[in-house]
Amino acid sequence: MVRIAVDLNRCQGYAQCAFLAPEIFTMHGDEALLYDPEADEAQRAKLAQAAAACPVQAILVDAVDAVDAVDASAEAVSGAR
Amino acid sequence: MPWTPSTPRPRRCPVRGDGALEQLKREGRIVVVGASLAGLRAAETLRAKGFEGSLTMIGDEPGEPYDRPPLSKQVLLGKARADRTALPRLRSVDATWRLGVPAAGLDMAARRVRLADGDEVPYDRLLIATGVRARPWPREEEAELDGVFVLRTRDHGAALARRLADGPKRVLVIGGGFAGSEVASACRERGIPVTVAERGASPLVGALGGVIGAVSAGLHREHGVDLRCGVMVTALEGDASGRVRAAHLSDGSTVETDVVVVSLGALRNTEWLAGSGLGAGPRGIACDAGCRAFDIRGIVTDDIYAAGDVARCPHPLFGYQFLSLEHWGNAVAQAGIAAHNMISESTDRLPHMEVPAFWSSQFGVNIKSVGVPSMGTEILIAQGSLESRRFVGVYGYQGRVIGAVSFDHGRWLPFYQELIESTAPFPPSFPTVDRHPDGQRPMDADFPDPSVPSHGPTVTLSGYSPADRRITFIPAH
Ligand SMILES: Cc1cc2nc3c(=O)[nH]c(=O)nc-3n(C[C@H](O)[C@H](O)[C@H](O)COP(=O)(O)OP(=O)(O)OC[C@H]3O[C@@H](n4cnc5c(N)ncnc54)[C@H](O)[C@@H]3O)c2cc1C
Ligand code: SF4
Chain A
1360 MVRIAVDLNR
1370 CQGYAQCAFL
1380 APEIFTMHGD
1390 EALLYDPEAD
1400 EAQRAKLAQA
1410 AAACPVQAIL
1420 VDAVDAVDAV
1430 DASAEAVSGA
1440 R
Chain B
449 MPWTPSTPRP
459 RRCPVRGDGA
469 LEQLKREGRI
479 VVVGASLAGL
489 RAAETLRAKG
499 FEGSLTMIGD
509 EPGEPYDRPP
519 LSKQVLLGKA
529 RADRTALPRL
539 RSVDATWRLG
549 VPAAGLDMAA
559 RRVRLADGDE
569 VPYDRLLIAT
579 GVRARPWPRE
589 EEAELDGVFV
599 LRTRDHGAAL
609 ARRLADGPKR
619 VLVIGGGFAG
629 SEVASACRER
639 GIPVTVAERG
649 ASPLVGALGG
659 VIGAVSAGLH
669 REHGVDLRCG
679 VMVTALEGDA
689 SGRVRAAHLS
699 DGSTVETDVV
709 VVSLGALRNT
719 EWLAGSGLGA
729 GPRGIACDAG
739 CRAFDIRGIV
749 TDDIYAAGDV
759 ARCPHPLFGY
769 QFLSLEHWGN
779 AVAQAGIAAH
789 NMISESTDRL
799 PHMEVPAFWS
809 SQFGVNIKSV
819 GVPSMGTEIL
829 IAQGSLESRR
839 FVGVYGYQGR
849 VIGAVSFDHG
859 RWLPFYQELI
869 ESTAPFPPSF
879 PTVDRHPDGQ
889 RPMDADFPDP
899 SVPSHGPTVT
909 LSGYSPADRR
919 ITFIPAH
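Going down the list, the protein sequences come from chains A and B. Residue numbers for the first sequence, in this note's numbering: 1360 to 1440. Residue numbers for the second sequence, in this note's numbering: 449 to 925.
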């Protein structure tokens, strides 16, 4: 799983991402961007391309790799010391 | 040589004589209460800035930090799952996570956070990022009816999305703010009949005023929303099996409905700080421009910081009044500032001076705002036109530009942000290429009387006093 968030304050709706990774990013109306907040691992390369192409660098993608992310939830000991 | 203002001050050694700061960075204990957007971003910033000590993240929600904006958009449209909006990790935070247990108290003198399970967590620096929660439907019995929802958490999002997928007969949204309007929009896009009941004269009126509110009302109606303004829901009625079946309105009418979404704004999560001596109350946690929290005496603490939706912070661009913001971008920026300041010498600290910014999308229109529109008394449609629903509206306050809103005109907003930052005169003197004849003159922005807001605006000016515990919003529902 690759986790994604878009800083939509920054996003200018240029749609480069929707062009490069249409499975993840779609335009909703003329200007609003909809995205899948967690994409399949198979999309990682395309996603990286889209994030790099965004002219305002609005796309935030997991930088810590998936193993680390699993660790993070394993660390999440509910209520434990 | 005597020191005069014209001779440069001798440079201080970056490491203080006692090395306390270096020691804090190396082996200090930082505790973050509230493991969501602001908490996570602060933790990442602390590590990015070289904090090597222990970091503890305390959160009452069971899972790891997730993003909320998709919950009222992608998730309700059925395009993403509520349990799959976890926030991307921008770097490893190497923290101890204490999740699923709320902080229940704070001992400022002993520097300890008390957890609901009785455990105590000591800190050298504390960041409070407990955010807000949805204001519940005030009549408890009715709020518990099956089919009555609020929308703030992942669980709320999942439950509501499931119910929408079942194809309800009619959804009733109580409150036409941004969240309520987004819910209504998602319902209509899925072909679900929806009624919106709004106490004010139009949706979004509390945040953007009546001129823009009228545009929003047009959008609702054009998309088939049964929009009822100037009314309040007085009671919800359940059937024999405890499922909601109808709502009664103050105009005597009844709406038959099987799903009710209560969208009446938010309450700040500060109750756990009651009696601690911190300047925290229903209006949030007062902090200085560097995110350091005030105690109730109005003295700023040195070890307790606040960030995100729960914080209120004076802003130089808006008369130094304390601003409360329920904005994603504010949580991110403020978390970064708080984290930086927690591990910096007083002379290296930074002020939180971000210009407030917000986005929403509803009925296929991208709505963005910068500054504090709700402070504006006048509005000028500087670009585009209200009729086309593609425009930029500029808000004026005492002769200066104080805010701007765009409908499908978002790429112009950075320009208006500069006008706000430079306290440019209002009405703005520049000509714009696509200005319509109706945009030549400012008009009354038409905000409702602030003592009777229609629903919580997402930006609130909350006075000057750090110890202020009044609440101005009195829910009528
Ligand atoms: C449905 C929805 C849609 C939104 N859409 C937009 C949008 O389009 N644009 C925009 O700018 N903003 C939007 N927002 C607002 C944005 O999500 C918030 O501004 C942001 O989440 C604030 O982050 P925060 O970390 O300050 O607070 P929160 O995200 O509220 O996190 C606070 C955390 O602290 C926890 N907590 C509370 N009390 C305790 C305690 N005593 N002990 C331990 N933990 C505690 C809470 O459970 C929560 O996990 C939206 C919000 C919602 C709910
Ligand atoms: S490329 Fe960047 S600016 Fe363009 S739509 Fe995507 S996120 Fe927005």
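Using N, Cα and C, we set each Cβ at its ideal position, and we do this for glycine too.
Using a C-beta to C-beta distance shorter than 7 Å, which residues of chain A count as neighbours of residue i?
i, result
"Leu535 of chain B", "Arg1362, Ala1364"
"Arg740 of chain B", "Within 7 Å Cβ-Cβ: nothing; Arg740 of chain B doesn't reach chain A, min ~25 Å."
"Asp515 of chain B", "Ala1364, Pro1396"
"Pro518 of chain B", "Pro1396"
Less than 7 Å between the beta carbons of residue i and residue j, yes or no?
i, j, result
"Asp706 of chain B", "Gly595 of chain B", "yes"
"Gly624 of chain B", "Val644 of chain B", "yes"
"Val840 of chain B", "Val849 of chain B", "no"
"Val580 of chain B", "Leu563 of chain B", "no"
"Pro1396 of chain A", "Ile1363 of chain A", "yes"
"Asp856 of chain B", "Glu1390 of chain A", "yes"
"Trp720 of chain B", "Ala552 of chain B", "yes"
"Leu773 of chain B", "His788 of chain B", "no"
"His763 of chain B", "Ile785 of chain B", "no"
"Leu1393 of chain A", "Gln522 of chain B", "yes"
"Ala779 of chain B", "Leu494 of chain B", "no"
"Gly501 of chain B", "Glu475 of chain B", "yes"
"Trp585 of chain B", "Ala591 of chain B", "yes"
"Gly746 of chain B", "Ile829 of chain B", "no"
"Ala734 of chain B", "Thr718 of chain B", "no"
"Trp807 of chain B", "Leu1419 of chain A", "no"
"Phe770 of chain B", "Gly911 of chain B", "yes"
"Cys1370 of chain A", "Ala1409 of chain A", "no"
"Gly566 of chain B", "Phe895 of chain B", "no"
"Ala613 of chain B", "Val598 of chain B", "no"
"Asp687 of chain B", "Arg693 of chain B", "yes"
"Gly725 of chain B", "Ile752 of chain B", "no"
Under 8 Å Cβ-Cβ, which residues of chain A neighbour residue i?
i, result
"Gln522 of chain B", "Leu1393, Tyr1394, Asp1395, Pro1396"
"Gly777 of chain B", "Asp1366, Asn1368"
Regarding residue i and ligand 2, is the C-beta to nearest heavy atom distance less than 6 Å?
i, result
"Gln1375 of chain A", "yes"
"Val1361 of chain A", "no"
"Ile815 of chain B", "no"
"Val780 of chain B", "no"
"Gln1371 of chain A", "yes"
"Ala1380 of chain A", "no"
"Ala1417 of chain A", "yes"
"Val1365 of chain A", "yes"
Run through chain B and tell me which residues come within less than 9 Å of residue i, C-beta to C-beta.
i, result
"Asp1389 of chain A", "Gly812, Val813, Asn814, Arg838, Asp856"
For residue i, which residues in chain B fall below 7 Å Cβ to Cβ?
i, result
"Asp1421 of chain A", "Pro536, Arg537"
"Leu1367 of chain A", "Trp807"
Kindly examine ligand 1 and report whether one of its heavy atoms sits closer than 6 Å to the Cβ of residue i.
i, result
"Ala1391 of chain A", "no"
"Pro550 of chain B", "yes"
"Glu685 of chain B", "no"
"Pro764 of chain B", "no"
"His775 of chain B", "yes"
"Ser633 of chain B", "no"
"Pro873 of chain B", "no"
"Gly501 of chain B", "no"
Output, in chain order, the set of chain A residues within a Cβ distance shorter than 9 Å of residue i.
i, result
"Arg532 of chain B", "Met1360, Arg1362, Asp1395, Pro1396, Glu1397"
"Ala528 of chain B", "Leu1393, Tyr1394, Asp1395, Pro1396, Glu1397"
Identify the contact partners of residue i in chain B, using a Cβ-Cβ distance below 8 Å as the criterion.
i, result
"Gln1371 of chain A", "Gly858, Arg859"
For this session: Give a yes or no on contact between the region 810-830 of chain B and the region 627-636 of chain B, applying the rule of three or more CB pairs nearer than 8 Å.
Result: Of all C-beta pairs linking the region 810-830 of chain B to the region 627-636 of chain B, three or more are shorter than 8 Å, placing the two stretches in contact.
Problem set entry | the region 474-494 of chain B touching the region 564-583 of chain B, judged by at least three CB pairs closer than 8 Å | Taking a cut-off of 8 Å for Cβ pairs, the region 474-494 of chain B and the region 564-583 of chain B touch, as three or more such pairs fall below it.
Exercise. Does the count of Cβ pairs from the region 651-667 of chain B and the region 679-690 of chain B closer than 8 Å reach three?
Worked result: Below 8 Å, too few C-beta pairs join the region 651-667 of chain B and the region 679-690 of chain B to call them touching: fewer than three.
Exercise. Does the region 698-714 of chain B touch the region 614-624 of chain B, meaning 3 or more C-beta pairs lie closer than 8 Å?
Worked result: The region 614-624 of chain B is in contact with the region 698-714 of chain B.
For this session: Could you say if the region 551-560 of chain B and the region 665-673 of chain B meet the contact criterion of at least three C-beta pairs nearer than 8 Å?
Result: Output reads no: the region 665-673 of chain B does not touch the region 551-560 of chain B.
Problem set entry | Contact the region 746-761 of chain B vs the region 774-784 of chain B: 3+ CB pairs below 8 Å | Verdict: yes, contact present.
For this session: Please determine if the region 658-667 of chain B and the region 822-841 of chain B are in contact, where contact requires at least 3 C-beta pairs separated by less than 8 Å.
Result: Yes: at least three Cβ pairs fall under 8 Å.
For this session: Tell me, please, whether the region 598-607 of chain B touches the region 506-519 of chain B by the rule of three or more beta-carbon pairs shorter than 8 Å.
Result: Cβ pair count under 8 Å is three or more, so yes.
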